[in-house]
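Here is the structure we will look at, set down as structure tokens.
What follows is the structure, encoded as structure tokens:
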């Protein structure tokens, strides 16, 4: 079982497959994917995962549920984290335990390791013996010193670009089986779709809110100055250009402070 940071114990309970948002929900145990009904068991577990990810309220909740799923469904995984590159090239590690956070950060500090490689090459990376893997002569030995002896990394896509990676760490050499690789790849695919879906919903909600604010601001100016809708909108746009401030910000100020744009 993964080591857990004290401040995350409530959000990520120690019981595999349990969620703070719904403590009655649990994925199928990881050992189901090694039985005689492998394909069916994995399909059922992933169907439950897809439903649970789709119901997430935001990207943070998706990340938390994905990390929980990796611990539950990937038998060799004892620590896990998701690391993303921002549009400005900054690295944003998200991990459920201090060890995974340290390992993820180390990879990007060195610009060496399975995470950066998976993102660059858009493929899954597996190292059975991390300490001696020749691909990462600096990261591998330092990761092993911290306790990670094997790693399985799957890239995540935003649109058609790989911009993030799920890093699954094992505390023993050869911790990950072929079934683990399959399960991790499917989890990564579901995670990519869920994150894109949440972002689309968030952007749509923001667009609707912006339209509402601008409409309210136009209404205030129409009433105050007895002008048409187009004239009121032109005033808002002119203020936005003069102040070099987004139109939404101008509208928000106007709707919260009646003294604006007199």
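Numbering (the numbering used here), first residue to last: 5 to 266.
Beta carbons: idealized from backbone N, C-alpha and C, even for Gly.
With DSSP as the reference, label residue 154 as helix, strand or coil.
Within the chain shown, the letter at position 150 stands for residue 154. Correct three-state label for residue 154: strand.
Among residues of its own chain, excluding the 5 on either side of residue 146, which ones have a beta-carbon nearer than 7 Å to its beta-carbon?
Taking the first residue of the chain shown as 1, we reach residue 146 at position 142. Closer than 7 Å at Cβ, skipping near neighbours: 110.
Whose C-beta lies closer than 7 Å to the C-beta of residue 67 among residues of the same chain, with five residues either side of it excluded?
On the chain shown, residue 67 is found 63 positions in, with the first residue counted as 1. 86, 98.
Rounded to the nearest angstrom, how far is the Cβ of residue 255 from that of residue 57, given a contact under 8 Å?
To locate residue 255, count along the chain shown from 1; it is residue 251. To locate residue 57, count along the chain shown from 1; it is residue 53. Not quite, the Cβ-Cβ distance comes to about 34 Å (not below 8 Å), so this is no contact.
As an exercise, report each continuous alpha helix (DSSP H) stretch of at least 4 residues that is fully enclosed by the segment 113-189, in chain order.
For the segment 113-189, whole alpha helix (DSSP H) runs of length 4 or above, ordered along the chain, are 118-125, 143-150.
Verify whether the separation of the beta carbon atoms of residue 231 and residue 241 is less than 9 Å.
The residue given as residue 231 occupies position 227 in the chain shown. The residue given as residue 241 occupies position 237 in the chain shown. Not closer than 9 Å, so no.
Could you give the DSSP three-state label for residue 89: helix, strand or coil?
For the purposes of this step, residue 89 is taken as residue 85 along the chain shown, with counting starting at 1. Three-state DSSP puts residue 89 in a strand.
Measure the C-alpha to C-alpha separation of residue 148 and residue 61 and round it to an integer number of angstroms.
Walking along the chain shown from the start, residue 148 turns up at place 144. Walking along the chain shown from the start, residue 61 turns up at place 57. Each residue's Cα considered, the two are about 36 Å apart.
Is it the case that the Cβ atoms of residue 195 and residue 160 are separated by a distance below 9 Å?
Taking the first residue of the chain shown as 1, we reach residue 195 at position 191. Taking the first residue of the chain shown as 1, we reach residue 160 at position 156. Contact: yes.
Which value, in whole angstroms, describes the spacing of the CA atoms of residue 81 and residue 191?
Here residue 81 refers to the residue found at position 77 of the chain shown. Here residue 191 refers to the residue found at position 187 of the chain shown. Approximately 13 Å between the Cα atoms of the pair.
For residue 171 and residue 102, which I take to be in contact (beta-carbon distance under 8 Å), what is that distance rounded to the nearest angstrom?
Looking up residue 171 in the chain shown gives position 167. Looking up residue 102 in the chain shown gives position 98. Wrong, their Cβ atoms sit about 14 Å apart, outside the cutoff.
Compare the beta carbon distance of residue 128 and residue 157 with 9 Å and say whether it is the shorter of the two.
One-based indexing of the chain shown puts residue 128 at position 124. One-based indexing of the chain shown puts residue 157 at position 153. Yes, the Cβ-Cβ distance between residue 128 and residue 157 is below 9 Å.
Taking 9 Å as the cut-off, decide whether the C-beta atoms of residue 78 and residue 152 are in contact.
As a working note, residue 78 is residue 74 in the chain shown. As a working note, residue 152 is residue 148 in the chain shown. No, Cβ-Cβ distance for residue 78 and residue 152 is not below 9 Å.
With 16 other CB atoms within 10 Å as the buried threshold, where does residue 235 fall?
Counted from its first residue, the chain shown places residue 235 at position 231. Classification for residue 235: exposed.
Do residue 179 and residue 201 count as a contact pair if the criterion is CB distance below 9 Å?
Against the chain shown, residue 201 aligns to sequence position 197. Against the chain shown, residue 179 aligns to sequence position 175. Contact: no.
For residue 220, which residues in the same chain have their Cβ closer than 6 Å to its Cβ, ignoring the five residues on either side in sequence?
On the chain shown, position 216 is the one that residue 220 refers to. Within the same chain, residue 220 has close Cβ partners 259.
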